[in-house]
Amino acid sequence: MMICSANQKEFVNACIKEIIKAIIKDLDGDYFGILVDESKDISHKKQMALVLRYVNKNGELIKSFLDIVHVGDTSAKSLQKVIYSLLLDHLLCLSRLCGQGHDGELVICKEKRMA
Numbered sequence: 022m023m024i025c026s027a028n029q030k031e032f033v034n035a036c037i038k039e040i041i042k043a044i045i046k047d048l049d050g051d052y053f054g055i056l057v058d059e060s061k062d063i064s065h066k067k068q069m070a071l072v073l074r075y076v077n078k079n080g081e082l083i084k085s086f087l088d089i090v091h092v093g094d095t096s097a098k099s100l101q102k103v104i105y106s107l108l109l110d111h112l113l114c115l116s117r118l119c120g121q122g123h124d125g126e127l128v129i130c131k132e133k134r135m136a
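In the numbering used here, the protein residues as written are 22 to 136.
In structure tokens, the structure reads:
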């Protein structure tokens, strides 16, 4: 039954949804930062990876991979739209976004510093 590629994809997608739910639950509506990077896949299509960075209830710094998407344009405006869309798709409040990192840089908001 799991030999069928459609079943495998359905199973993987269900696992992904459950993992993301657990990450969002652990975040618990608190402040978070994002780390963004872009690269090309094997077919040379541009893609963007998004990682959440937050401090959990135990005071531990957590970095969790959230999603990867293909992007046609890597201009700042285009990437901003994709990032906002991803965050909203995962029900993350944009007003809680307080840091961003890309190309090795990290920008942090004043409200809450992340280790």
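Don't be surprised by glycine CBs; every beta carbon is placed ideally from N, CA and C. The model shown is predicted, which means the values in this text are computed figures rather than measured ones.
Exercise. DSSP on Y52, reduced to helix/strand/coil?
Worked result: Here the question's residue 52 lines up with position 31 in the sequence shown. The answer is coil: DSSP assigns Y52 none of H, G, I, E or B.
For this session: Return the CA-CA distance between K61 and L73, expressed in angstroms with no decimal places.
Result: Working through the sequence shown from its first residue, we reach residue 61 at position 40. Working through the sequence shown from its first residue, we reach residue 73 at position 52. If I take the Cα positions, the gap works out to 21 Å.
Exercise. Rounded to a whole number of angstroms, what is the C-alpha to C-alpha distance between K131 and E81?
Worked result: Position 110 of the sequence shown, counted from the start, is the residue given in the question as residue 131. Position 60 of the sequence shown, counted from the start, is the residue given in the question as residue 81. Residue placement at K131 is poorly supported in this model, since its pLDDT is 44, which falls under 50; the coordinates still yield a value, given next. K131 and E81: Cα-Cα distance of roughly 19 Å.
Exercise. If you run the structure through DSSP and keep just helix, strand and coil, what is S96?
Worked result: Stepping through the sequence shown from its first residue, residue 96 is reached at position 75. Three-state result, S96: coil.
Problem set entry | Limits of the beta strand (DSSP E) - the one that S85 falls within | The count along the sequence shown starts at 1 and reaches residue 85 at position 64. DSSP places S85 inside the beta strand (DSSP E), whose first and last residues are L82 to H91.
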